[in-house]
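Numbering (the working numbering), first residue to last: 298 to 530.
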């Protein structure tokens, strides 16, 4: 299974991706035979008590962009050092990581649950706002065989709340996070992608709730999804 967590800057994608990874990892664990009966739920650091699943494979967490890679370093220069790039150059840089990872994701999703903190769906939002044609972007993804997620959870948070959250973070902000008007525009663009189910299956999540409630909402939608059946032992 391949799951993506999406949202505007300040939506909490990184937090939810980590929570979900931990929660699914705990919920799929069984005690050894010597430990006796299996408990009905698993505790974890996310604050959510999760009902245990029949049995699940490993969980892999990936984050985009990956600033440790050469392509990611160029993206970081664009975001944090105000390096000028055209919309097309931005698109090619971002999508290069997805193309490079396609085979890895394709293999892992067969036997694991892969969770991505942002993905090509972010590029569909941000770079089309910059001027890249949507049809061209979708054709590009098809031609270069970018892996399509089973589902994308969109953390739908009010832009003003997201901006307030980013303002409270004690870390350097990139050019996107500083541009409040762009954040509001991305919210509208994500709304379009979700409503039209562009490229993949989008699931709208109320991102205005507290962290624990959001994690619980996502988790419940996953364990009730038909895709999950193929990952049971």
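All C-beta atoms, glycine included, are put in the ideal place defined by N, C-alpha and C. As the structure is a computational prediction, the values presented were derived from the model and not from experiment.
If you ignore the 5 residues before and after residue 483, its C-beta comes within less than 7 Å of the C-beta of 305, 422, 423 and 426, all in its own chain and listed in chain order.
In the structure shown, the three-state DSSP call for residue 303 is strand. Using a Cβ-Cβ distance cut-off of 8 Å, the segment 357 to 365 and the segment 309 to 322 are in contact, since at least three pairs of beta carbons, one from each stretch, lie closer than that value.
Residue 413 is bridged by DSSP to 301 and 359.
DSSP, read as helix, strand or coil, puts residue 453 in strand. Residue 499 and residue 398 have their C-alpha atoms some 21 Å from each other. The residue among 440, 408 and 520 with its C-alpha nearest the C-alpha of residue 396 is 440. Residue 459 sits away from residue 428, with the two beta carbons spaced by 9 Å or more.
Around the Cβ of residue 472, a 10 Å sphere holds fewer than 16 other Cβ atoms; the residue is exposed. Between residue 474 and residue 463 a beta carbon distance of about 5 Å is seen, short of the 8 Å cut, so the two are scored as contacting.
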